[in-house]
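Going by the working numbering, the sequence shown opens with residue 1, and the numbers climb by one from there.
Where a beta carbon is used, it is the ideal one built from N, C-alpha and C, also for glycine.
To start, the structure itself, in C-alpha coordinates.
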Amino acid sequence: MSDTEDTVLKTSAEKQQSAPGDHVATENASAIKPPHNLDSKFGWLVVFGSFFNLMLSIGTTTTYGVYLQEYKLVEFPNVSSSFLSWIGTLQFVMMCFFGIGVGVLCEHVDTRILSAFGAIVSGVALIIASFCNSPWKLLLTQGILFGFGASFVYVTGLTLPPQWFAKYRAFATGIAIAGSGIGGLWLSFATHAIITNISWKWALRITGLIIIGVCGPISLLMKTRVKPAKREKIIDISVLHDKRFIFLFFGALLGASGFYVPFFFMPSYAVIVLDKSDNWGTNIASIMNGASIAGRVLMGLVGDHIGALNTLCIATLLSCLSILVLWLPFKTVGTLVSAAVIFGIFSGAIVSMIPVVTANLFGVKCLPSVMGLLMIGYAAGGLISSPPAGHMLDTYGHGTDFSNLIIYAGVLLAVSFVLELVLRVILSRTLLKKF
(Lines of atoms letter the chains of each structure in order from A and count residues from 1; the text may use other names and numbers.)
(Lines give C-alpha, C1' and ligand atoms only; values in the text may rest on other atoms or scores of the structure.)
Protein backbone atom coordinates (compact mmCIF):
# COMPACT_ATOMS: atom_id res chain seq x y z
CA MET A 1 0.00 0.00 0.00
CA SER A 2 1.38 3.42 -0.94
CA ASP A 3 2.32 6.14 1.53
CA THR A 4 -0.51 8.26 0.13
CA GLU A 5 -3.09 5.59 0.90
CA ASP A 6 -1.63 5.14 4.39
CA THR A 7 -2.10 8.85 5.02
CA VAL A 8 -5.69 8.81 3.79
CA LEU A 9 -6.61 5.76 5.82
CA LYS A 10 -5.48 7.09 9.22
CA THR A 11 -8.28 8.09 11.52
CA SER A 12 -6.05 10.86 12.90
CA ALA A 13 -7.43 10.82 16.40
CA GLU A 14 -4.34 12.73 17.47
CA LYS A 15 -5.13 15.64 15.20
CA GLN A 16 -7.19 18.38 16.73
CA GLN A 17 -8.80 19.90 13.68
CA SER A 18 -8.70 17.37 10.84
CA ALA A 19 -9.77 13.88 9.93
CA PRO A 20 -8.82 11.64 6.99
CA GLY A 21 -9.08 13.72 3.85
CA ASP A 22 -10.44 16.59 5.91
CA HIS A 23 -8.23 19.50 4.94
CA VAL A 24 -10.26 22.68 4.72
CA ALA A 25 -8.85 26.05 3.79
CA THR A 26 -8.55 28.39 6.77
CA GLU A 27 -10.81 31.02 5.32
CA ASN A 28 -13.51 28.44 4.63
CA ALA A 29 -13.16 26.76 8.01
CA SER A 30 -13.49 30.01 9.90
CA ALA A 31 -16.80 30.67 8.19
CA ILE A 32 -18.42 27.48 9.43
CA LYS A 33 -20.79 27.95 12.34
CA PRO A 34 -21.41 26.27 14.78
CA PRO A 35 -17.87 25.23 15.96
CA HIS A 36 -16.30 22.92 13.43
CA ASN A 37 -13.74 21.08 15.54
CA LEU A 38 -13.74 17.30 15.58
CA ASP A 39 -15.37 15.33 18.40
CA SER A 40 -17.19 18.46 19.61
CA LYS A 41 -20.42 18.60 21.57
CA PHE A 42 -22.26 19.88 18.51
CA GLY A 43 -21.18 16.73 16.70
CA TRP A 44 -23.30 14.72 19.11
CA LEU A 45 -26.28 16.95 18.31
CA VAL A 46 -25.76 16.05 14.64
CA VAL A 47 -25.71 12.38 15.67
CA PHE A 48 -28.95 12.99 17.58
CA GLY A 49 -30.60 14.49 14.49
CA SER A 50 -29.26 11.74 12.23
CA PHE A 51 -30.57 9.14 14.69
CA PHE A 52 -34.15 10.35 14.18
CA ASN A 53 -33.72 10.84 10.43
CA LEU A 54 -32.56 7.26 9.98
CA MET A 55 -35.14 5.98 12.47
CA LEU A 56 -37.95 7.25 10.25
CA SER A 57 -36.39 6.63 6.82
CA ILE A 58 -34.68 3.22 6.98
CA GLY A 59 -36.89 2.26 9.92
CA THR A 60 -39.98 2.74 7.78
CA THR A 61 -38.59 0.62 4.93
CA THR A 62 -37.64 -2.26 7.25
CA THR A 63 -41.19 -2.24 8.62
CA TYR A 64 -42.64 -2.97 5.19
CA GLY A 65 -42.73 -6.68 6.04
CA VAL A 66 -45.70 -5.93 8.33
CA TYR A 67 -47.55 -4.21 5.47
CA LEU A 68 -46.57 -7.03 3.08
CA GLN A 69 -48.11 -9.58 5.43
CA GLU A 70 -51.36 -7.56 5.57
CA TYR A 71 -51.44 -6.96 1.82
CA LYS A 72 -50.80 -10.61 0.91
CA LEU A 73 -52.98 -12.34 3.50
CA VAL A 74 -55.89 -9.89 3.75
CA GLU A 75 -56.06 -6.91 1.40
CA PHE A 76 -54.71 -8.27 -1.92
CA PRO A 77 -54.62 -12.10 -1.59
CA ASN A 78 -54.79 -12.63 -5.36
CA VAL A 79 -51.78 -10.42 -6.09
CA SER A 80 -48.41 -12.19 -6.32
CA SER A 81 -45.84 -11.89 -3.54
CA SER A 82 -43.34 -10.76 -6.15
CA PHE A 83 -45.42 -7.73 -7.16
CA LEU A 84 -46.28 -6.77 -3.59
CA SER A 85 -42.63 -7.01 -2.55
CA TRP A 86 -41.83 -4.44 -5.26
CA ILE A 87 -43.54 -1.76 -3.16
CA GLY A 88 -41.08 -2.18 -0.32
CA THR A 89 -38.19 -2.75 -2.70
CA LEU A 90 -38.88 0.51 -4.53
CA GLN A 91 -38.87 2.37 -1.22
CA PHE A 92 -35.25 1.33 -0.78
CA VAL A 93 -34.24 1.48 -4.44
CA MET A 94 -35.65 4.98 -4.96
CA MET A 95 -34.11 6.12 -1.68
CA CYS A 96 -30.73 5.02 -3.02
CA PHE A 97 -31.27 6.04 -6.66
CA PHE A 98 -32.24 9.61 -5.82
CA GLY A 99 -29.55 9.56 -3.14
CA ILE A 100 -27.02 9.84 -5.97
CA GLY A 101 -28.27 13.35 -6.72
CA VAL A 102 -28.75 14.20 -3.05
CA GLY A 103 -25.09 13.39 -2.42
CA VAL A 104 -24.15 16.01 -5.02
CA LEU A 105 -26.67 18.53 -3.67
CA CYS A 106 -25.15 18.17 -0.19
CA GLU A 107 -22.04 19.85 -1.58
CA HIS A 108 -23.95 22.84 -2.94
CA VAL A 109 -27.13 23.26 -0.86
CA ASP A 110 -27.63 23.67 2.90
CA THR A 111 -28.08 20.13 4.23
CA ARG A 112 -30.68 21.39 6.71
CA ILE A 113 -32.91 22.50 3.84
CA LEU A 114 -32.46 19.17 2.04
CA SER A 115 -33.36 17.23 5.18
CA ALA A 116 -36.51 19.28 5.84
CA PHE A 117 -37.63 18.95 2.20
CA GLY A 118 -37.25 15.17 2.35
CA ALA A 119 -39.22 14.95 5.60
CA ILE A 120 -42.18 16.76 4.07
CA VAL A 121 -42.20 14.80 0.80
CA SER A 122 -41.81 11.35 2.38
CA GLY A 123 -44.47 12.07 5.00
CA VAL A 124 -46.93 13.37 2.41
CA ALA A 125 -46.23 10.31 0.22
CA LEU A 126 -47.44 7.93 2.93
CA ILE A 127 -50.52 10.06 3.59
CA ILE A 128 -51.40 9.99 -0.12
CA ALA A 129 -50.77 6.21 -0.18
CA SER A 130 -53.36 5.77 2.56
CA PHE A 131 -56.07 6.80 0.09
CA CYS A 132 -55.01 4.24 -2.54
CA ASN A 133 -56.99 1.06 -3.12
CA SER A 134 -54.85 -0.81 -5.64
CA PRO A 135 -51.32 -2.24 -5.52
CA TRP A 136 -50.01 -0.22 -8.47
CA LYS A 137 -51.06 3.05 -6.82
CA LEU A 138 -49.27 1.95 -3.66
CA LEU A 139 -46.27 1.19 -5.85
CA LEU A 140 -46.23 4.83 -7.02
CA THR A 141 -46.87 6.43 -3.62
CA GLN A 142 -45.69 4.18 -0.79
CA GLY A 143 -42.89 2.92 -3.03
CA ILE A 144 -41.51 5.53 -5.44
CA LEU A 145 -42.66 8.86 -3.96
CA PHE A 146 -41.76 7.88 -0.41
CA GLY A 147 -38.36 6.65 -1.59
CA PHE A 148 -37.72 9.98 -3.34
CA GLY A 149 -38.47 12.01 -0.22
CA ALA A 150 -36.69 9.61 2.13
CA SER A 151 -33.50 9.86 0.04
CA PHE A 152 -32.94 13.42 1.31
CA VAL A 153 -33.47 12.36 4.93
CA TYR A 154 -31.41 9.20 4.50
CA VAL A 155 -28.33 10.65 2.80
CA THR A 156 -27.98 13.59 5.20
CA GLY A 157 -28.45 11.28 8.18
CA LEU A 158 -25.92 8.79 6.84
CA THR A 159 -23.11 11.12 5.73
CA LEU A 160 -23.03 13.89 8.34
CA PRO A 161 -22.00 11.99 11.54
CA PRO A 162 -18.63 10.74 10.13
CA GLN A 163 -17.68 14.35 9.33
CA TRP A 164 -17.83 15.37 12.99
CA PHE A 165 -15.67 12.64 14.51
CA ALA A 166 -12.24 11.06 14.20
CA LYS A 167 -11.55 9.06 17.36
CA TYR A 168 -15.15 7.87 17.74
CA ARG A 169 -16.17 7.92 14.07
CA ALA A 170 -17.45 4.34 13.85
CA PHE A 171 -19.13 4.55 17.27
CA ALA A 172 -20.91 7.84 16.48
CA THR A 173 -22.02 6.52 13.09
CA GLY A 174 -23.21 3.31 14.73
CA ILE A 175 -25.33 5.26 17.22
CA ALA A 176 -26.89 7.31 14.42
CA ILE A 177 -27.67 4.23 12.35
CA ALA A 178 -29.01 2.42 15.41
CA GLY A 179 -31.93 4.81 14.99
CA SER A 180 -33.05 2.76 12.00
CA GLY A 181 -33.18 -0.34 14.18
CA ILE A 182 -35.14 1.43 16.91
CA GLY A 183 -37.45 2.81 14.24
CA GLY A 184 -38.01 -0.64 12.80
CA LEU A 185 -38.63 -2.02 16.30
CA TRP A 186 -41.31 0.34 17.56
CA LEU A 187 -42.77 0.99 14.11
CA SER A 188 -43.31 -2.76 13.65
CA PHE A 189 -45.35 -2.98 16.84
CA ALA A 190 -47.14 0.32 16.25
CA THR A 191 -47.96 -0.50 12.62
CA HIS A 192 -49.30 -3.95 13.50
CA ALA A 193 -51.37 -2.52 16.37
CA ILE A 194 -52.88 0.19 14.17
CA ILE A 195 -53.59 -2.28 11.34
CA THR A 196 -55.23 -4.72 13.78
CA ASN A 197 -57.33 -2.15 15.64
CA ILE A 198 -58.05 0.40 12.89
CA SER A 199 -56.64 -0.22 9.37
CA TRP A 200 -53.46 -0.26 7.31
CA LYS A 201 -54.52 3.06 5.81
CA TRP A 202 -54.43 4.77 9.18
CA ALA A 203 -51.06 3.15 9.84
CA LEU A 204 -49.72 4.95 6.76
CA ARG A 205 -51.33 8.26 7.73
CA ILE A 206 -50.00 8.24 11.27
CA THR A 207 -46.50 7.26 10.13
CA GLY A 208 -46.51 10.06 7.57
CA LEU A 209 -47.53 12.65 10.16
CA ILE A 210 -44.83 11.43 12.55
CA ILE A 211 -42.16 11.79 9.85
CA ILE A 212 -43.21 15.36 9.09
CA GLY A 213 -43.57 16.29 12.76
CA VAL A 214 -40.23 14.83 13.88
CA CYS A 215 -37.82 14.99 10.94
CA GLY A 216 -38.97 18.45 9.86
CA PRO A 217 -37.97 20.37 13.02
CA ILE A 218 -34.94 18.20 13.74
CA SER A 219 -33.50 19.13 10.35
CA LEU A 220 -32.16 22.27 12.06
CA LEU A 221 -29.41 20.07 13.52
CA MET A 222 -28.36 18.57 10.17
CA LYS A 223 -25.35 20.85 9.63
CA THR A 224 -22.32 19.91 7.56
CA ARG A 225 -18.91 20.37 9.19
CA VAL A 226 -16.59 20.64 6.19
CA LYS A 227 -16.98 22.53 2.96
CA PRO A 228 -15.97 20.50 -0.09
CA ALA A 229 -13.19 21.67 -2.35
CA LYS A 230 -14.38 23.49 -5.46
CA ARG A 231 -14.63 21.21 -8.47
CA GLU A 232 -14.92 21.79 -12.16
CA LYS A 233 -17.22 18.78 -12.50
CA ILE A 234 -20.57 18.45 -10.76
CA ILE A 235 -19.90 14.74 -10.19
CA ASP A 236 -16.30 13.59 -9.83
CA ILE A 237 -16.18 10.08 -11.27
CA SER A 238 -12.41 9.68 -10.97
CA VAL A 239 -13.02 7.37 -8.03
CA LEU A 240 -14.49 4.84 -10.47
CA HIS A 241 -10.92 4.08 -11.57
CA ASP A 242 -9.88 3.24 -8.02
CA LYS A 243 -9.87 -0.53 -7.46
CA ARG A 244 -10.65 0.02 -3.78
CA PHE A 245 -13.91 1.71 -4.76
CA ILE A 246 -14.78 -1.05 -7.25
CA PHE A 247 -14.60 -3.80 -4.62
CA LEU A 248 -16.38 -1.64 -2.03
CA PHE A 249 -19.11 -0.83 -4.58
CA PHE A 250 -19.93 -4.42 -5.51
CA GLY A 251 -19.54 -5.61 -1.93
CA ALA A 252 -22.08 -2.99 -0.83
CA LEU A 253 -24.37 -3.89 -3.75
CA LEU A 254 -24.57 -7.57 -2.84
CA GLY A 255 -24.63 -6.82 0.88
CA ALA A 256 -27.68 -4.61 0.42
CA SER A 257 -29.30 -7.35 -1.67
CA GLY A 258 -28.94 -9.96 1.04
CA PHE A 259 -29.79 -7.52 3.83
CA TYR A 260 -33.43 -6.92 2.91
CA VAL A 261 -34.57 -10.47 2.12
CA PRO A 262 -34.83 -11.63 5.77
CA PHE A 263 -36.47 -8.37 6.85
CA PHE A 264 -39.14 -8.77 4.18
CA PHE A 265 -39.76 -12.52 4.33
CA MET A 266 -38.99 -13.79 7.84
CA PRO A 267 -42.30 -12.40 9.19
CA SER A 268 -44.29 -14.23 6.49
CA TYR A 269 -42.19 -17.37 7.05
CA ALA A 270 -43.25 -17.47 10.70
CA VAL A 271 -46.93 -17.33 9.71
CA ILE A 272 -46.91 -19.54 6.60
CA VAL A 273 -44.28 -22.21 7.36
CA LEU A 274 -44.37 -22.36 11.16
CA ASP A 275 -48.16 -21.86 11.22
CA LYS A 276 -47.98 -19.12 13.82
CA SER A 277 -50.40 -16.23 14.34
CA ASP A 278 -50.04 -12.88 12.61
CA ASN A 279 -48.58 -11.53 15.85
CA TRP A 280 -45.58 -13.81 15.38
CA GLY A 281 -44.82 -12.17 12.06
CA THR A 282 -44.63 -8.84 13.82
CA ASN A 283 -42.60 -10.38 16.65
CA ILE A 284 -39.94 -11.67 14.26
CA ALA A 285 -39.64 -8.29 12.53
CA SER A 286 -39.33 -6.60 15.92
CA ILE A 287 -36.74 -9.11 17.15
CA MET A 288 -34.53 -8.46 14.12
CA ASN A 289 -34.86 -4.70 14.47
CA GLY A 290 -34.29 -4.88 18.21
CA ALA A 291 -31.14 -6.95 17.77
CA SER A 292 -29.90 -4.53 15.13
CA ILE A 293 -30.13 -1.64 17.62
CA ALA A 294 -27.56 -3.25 19.90
CA GLY A 295 -25.64 -4.58 16.92
CA ARG A 296 -25.11 -1.23 15.22
CA VAL A 297 -23.82 0.42 18.38
CA LEU A 298 -21.72 -2.64 19.28
CA MET A 299 -20.28 -2.90 15.77
CA GLY A 300 -19.41 0.79 15.98
CA LEU A 301 -17.40 0.22 19.16
CA VAL A 302 -15.72 -2.82 17.61
CA GLY A 303 -15.00 -0.83 14.45
CA ASP A 304 -13.14 1.87 16.38
CA HIS A 305 -10.91 -0.81 17.94
CA ILE A 306 -10.21 -3.28 15.12
CA GLY A 307 -11.10 -1.14 12.09
CA ALA A 308 -14.33 -0.51 10.20
CA LEU A 309 -13.44 -2.72 7.22
CA ASN A 310 -12.38 -5.63 9.44
CA THR A 311 -15.68 -5.29 11.30
CA LEU A 312 -17.64 -5.18 8.03
CA CYS A 313 -16.01 -8.41 6.80
CA ILE A 314 -16.69 -10.29 10.04
CA ALA A 315 -20.28 -9.04 10.29
CA THR A 316 -21.11 -9.93 6.67
CA LEU A 317 -19.77 -13.47 7.15
CA LEU A 318 -21.76 -14.03 10.35
CA SER A 319 -24.92 -12.60 8.75
CA CYS A 320 -24.50 -15.10 5.92
CA LEU A 321 -24.03 -18.00 8.34
CA SER A 322 -27.12 -17.06 10.34
CA ILE A 323 -29.17 -17.52 7.17
CA LEU A 324 -27.58 -20.67 5.75
CA VAL A 325 -26.82 -22.50 9.01
CA LEU A 326 -29.86 -21.57 11.13
CA TRP A 327 -32.74 -20.32 8.97
CA LEU A 328 -32.37 -22.73 6.05
CA PRO A 329 -32.14 -26.24 7.59
CA PHE A 330 -34.35 -25.86 10.67
CA LYS A 331 -38.08 -25.19 10.79
CA THR A 332 -38.62 -24.38 14.45
CA VAL A 333 -39.51 -21.22 16.31
CA GLY A 334 -36.34 -21.41 18.39
CA THR A 335 -33.97 -21.52 15.44
CA LEU A 336 -35.91 -18.82 13.59
CA VAL A 337 -35.66 -16.51 16.61
CA SER A 338 -31.95 -17.33 16.91
CA ALA A 339 -31.41 -16.57 13.23
CA ALA A 340 -33.35 -13.31 13.58
CA VAL A 341 -31.25 -12.22 16.58
CA ILE A 342 -27.87 -13.11 15.05
CA PHE A 343 -28.78 -11.65 11.67
CA GLY A 344 -30.12 -8.50 13.30
CA ILE A 345 -26.95 -7.95 15.35
CA PHE A 346 -24.43 -8.43 12.57
CA SER A 347 -26.35 -7.23 9.51
CA GLY A 348 -26.46 -3.76 11.08
CA ALA A 349 -22.76 -3.39 10.28
CA ILE A 350 -23.57 -3.81 6.58
CA VAL A 351 -25.33 -0.46 6.86
CA SER A 352 -23.31 1.32 9.55
CA MET A 353 -19.74 0.47 8.50
CA ILE A 354 -20.01 1.41 4.81
CA PRO A 355 -19.97 5.22 5.35
CA VAL A 356 -17.14 4.84 7.90
CA VAL A 357 -15.07 2.73 5.50
CA THR A 358 -15.79 5.26 2.74
CA ALA A 359 -14.71 8.20 4.92
CA ASN A 360 -11.53 6.40 5.94
CA LEU A 361 -10.65 5.52 2.35
CA PHE A 362 -11.58 8.70 0.51
CA GLY A 363 -11.87 11.45 3.15
CA VAL A 364 -14.86 13.20 4.68
CA LYS A 365 -14.85 16.04 2.15
CA CYS A 366 -15.64 13.53 -0.58
CA LEU A 367 -18.00 11.45 1.55
CA PRO A 368 -21.36 12.79 0.23
CA SER A 369 -20.38 12.42 -3.44
CA VAL A 370 -18.69 9.02 -3.02
CA MET A 371 -21.64 7.76 -0.97
CA GLY A 372 -23.86 9.09 -3.75
CA LEU A 373 -22.04 6.84 -6.21
CA LEU A 374 -22.33 3.92 -3.79
CA MET A 375 -26.07 4.55 -3.77
CA ILE A 376 -26.09 3.23 -7.34
CA GLY A 377 -24.90 -0.06 -5.89
CA TYR A 378 -27.50 0.06 -3.14
CA ALA A 379 -30.23 0.74 -5.71
CA ALA A 380 -29.09 -2.11 -7.94
CA GLY A 381 -28.86 -4.32 -4.88
CA GLY A 382 -32.46 -3.54 -4.02
CA LEU A 383 -33.57 -4.54 -7.51
CA ILE A 384 -31.96 -7.97 -7.26
CA SER A 385 -33.10 -8.48 -3.68
CA SER A 386 -36.74 -9.01 -2.72
CA PRO A 387 -38.42 -9.12 -6.18
CA PRO A 388 -36.38 -12.13 -7.36
CA ALA A 389 -36.80 -13.68 -3.91
CA GLY A 390 -40.56 -13.18 -4.10
CA HIS A 391 -40.57 -14.69 -7.60
CA MET A 392 -38.72 -17.75 -6.28
CA LEU A 393 -41.30 -18.12 -3.52
CA ASP A 394 -44.23 -17.90 -5.95
CA THR A 395 -42.78 -19.93 -8.83
CA TYR A 396 -40.62 -22.60 -7.22
CA GLY A 397 -41.94 -22.60 -3.68
CA HIS A 398 -45.63 -22.31 -4.62
CA GLY A 399 -46.03 -19.68 -1.91
CA THR A 400 -45.05 -22.00 0.95
CA ASP A 401 -41.47 -23.26 0.37
CA PHE A 402 -38.91 -20.58 1.28
CA SER A 403 -35.79 -22.72 0.67
CA ASN A 404 -34.70 -21.18 -2.65
CA LEU A 405 -35.32 -17.70 -1.30
CA ILE A 406 -33.17 -18.37 1.79
CA ILE A 407 -30.32 -19.88 -0.24
CA TYR A 408 -30.42 -16.87 -2.57
CA ALA A 409 -30.03 -14.42 0.33
CA GLY A 410 -27.19 -16.46 1.81
CA VAL A 411 -25.28 -16.63 -1.47
CA LEU A 412 -25.60 -12.86 -1.97
CA LEU A 413 -24.04 -12.22 1.43
CA ALA A 414 -21.35 -14.86 0.86
CA VAL A 415 -20.18 -13.18 -2.35
CA SER A 416 -20.36 -9.79 -0.64
CA PHE A 417 -18.03 -11.12 2.07
CA VAL A 418 -15.53 -12.39 -0.51
CA LEU A 419 -15.40 -8.98 -2.23
CA GLU A 420 -14.93 -7.17 1.09
CA LEU A 421 -12.17 -9.61 2.02
CA VAL A 422 -10.39 -8.96 -1.29
CA LEU A 423 -10.57 -5.21 -0.57
CA ARG A 424 -9.08 -5.86 2.86
CA VAL A 425 -6.19 -7.85 1.32
CA ILE A 426 -5.59 -5.09 -1.24
CA LEU A 427 -5.08 -2.62 1.61
CA SER A 428 -2.81 -4.96 3.58
CA ARG A 429 -2.01 -8.66 3.59
CA THR A 430 -1.53 -8.46 7.35
CA LEU A 431 -5.04 -9.44 8.40
CA LEU A 432 -4.53 -8.47 12.04
CA LYS A 433 -3.76 -4.88 11.05
CA LYS A 434 -6.44 -2.30 11.85
CA PHE A 435 -8.39 -1.16 8.77
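Close Cβ partners of residue i (< 8 Å) along its chain, the five nearest in sequence each way excluded
| i | result |
| --- | --- |
| T448 | There is no way to answer for residue 448, as the model of the chain reaches only from 1 to 435. |
| G397 | S403, N404, L405 |
| A125 | T141, Q142, L145, F146, F148, G149, G208 |
| A340 | P262, M266, I284, I287, M288, A291 |
| M392 | N404, L405, Y408 |
Helix, strand or coil at residue i according to DSSP, with G and I counted as helix
| i | result |
| --- | --- |
| A308 | helix |
| D278 | helix |
| K167 | coil |
| K223 | coil |
| E107 | coil |
| N78 | coil |
| F402 | coil |
| G290 | helix |
| T446 | Absent from the model: residue 446. The displayed extent of the chain is 1 to 435, so no value can be given. |
| I237 | coil |
| N53 | helix |
| F148 | helix |
| Y396 | coil |
| G363 | coil |
| C264 | Per the sequence shown, the amino acid found at residue 264 is Phe instead of Cys. Note: F264 maps to helix in three-state DSSP. |
| C442 | As shown, the chain starts at 1 and ends at 435. That puts residue 442 outside it, with no answer to give. |
| I182 | helix |
| L318 | helix |
| P387 | helix |
| I120 | helix |
When the options are compared against residue i, the one with the closest alpha-carbon
| i | options | result |
| --- | --- | --- |
| L321 | P267, Y71, P262, H305 | P262 |
| A256 | V47, P77, A409, S81 | A409 |
| F467 | L38, F76, A176 | Because the chain here runs from 1 to 435, residue 467 falls outside it and cannot be looked at. |
| L427 | F417, K243, I376 | K243 |
| L438 | K331, F330, V333, M299 | No information on residue 438 is available, as it lies outside the stretch 1 to 435 that the chain covers here. |
| M266 | K137, L326, H241 | L326 |
| L240 | I376, F435, L56 | I376 |
| F130 | S199, G118, P217 | Phe is not the amino acid found at residue 130; the sequence shown has Ser there. The shortest Cα separation from S130 among S199, G118, P217 belongs to S199. |
| V425 | V351, V93, L309 | L309 |
| L274 | V302, G334, F435, I237 | G334 |
| G390 | V351, F264, R429 | F264 |
| I421 | C313, G295, N78, T332 | With the sequence shown as reference, residue 421 is identified as Leu, and Ile is not the correct amino acid for it. When only C-alpha atoms are compared, the closest one is C313. |
| Y269 | R225, V297, Q69, I58 | Q69 |
| L436 | V364, G348, T61, S40 | This structure does not reach residue 436, given that the chain is present from 1 up to 435, and the question cannot be answered. |
| M95 | L73, A349, G118, V109 | G118 |
| Y64 | I345, T311, G183 | G183 |
| A380 | A170, L114, Y260 | Y260 |
| F346 | Y378, G174, F76 | G174 |
| F97 | S151, N197, F42, P77 | S151 |
| K365 | L114, F245, V226 | V226 |
| V155 | K41, F42, L373 | L373 |
| G363 | S338, T316, V271, F245 | F245 |
Own chain residues within Cβ distance below 7 Å of residue i, not counting five before or after
| i | result |
| --- | --- |
| Y71 | L84 |
| L90 | L139, G143, I144, G147 |
| R112 | S219, L220, M222, K223 |
| F343 | P262, M288, S319, S322, I323 |
| C132 | L138, T141 |
| H108 | none |
| H305 | none |
Counted within 10 angstroms of its Cβ, other Cβ atoms place residue i as buried (16 or more) or exposed
| i | result |
| --- | --- |
| S134 | exposed |
| N279 | exposed |
| L432 | exposed |
| H192 | buried |
| F435 | buried |
| P387 | buried |
| W136 | exposed |
| V400 | With the sequence shown as reference, residue 400 is identified as Thr, and Val is not the correct amino acid for it. So T400 ends up on the exposed side. |
| I284 | buried |
| W202 | exposed |
| F330 | exposed |
| G213 | exposed |
| R296 | buried |
| S238 | exposed |
| R169 | buried |
| T430 | exposed |
| T358 | buried |
| T332 | exposed |
Neighbourhood of residue i by C-beta distance below 6 Å, restricted to the same chain and skipping five residues each side
| i | result |
| --- | --- |
| A172 | V47, P161, F165 |
| S80 | D394 |
| N53 | V153, G157, C215 |
| L419 | F247, F250, G251 |
| L336 | none |
| L254 | L412, V415, S416 |
| L187 | G59, T63 |
| I195 | E70, A203 |
| A178 | I293, R296, V297 |
| T492 | Shown here, the chain extends from 1 to 435; a query on residue 492 therefore has no answer. |
| I436 | Residue 436 lies beyond the residue range present for the chain, which begins at 1 and ends at 435; the question has no answer from this structure. |
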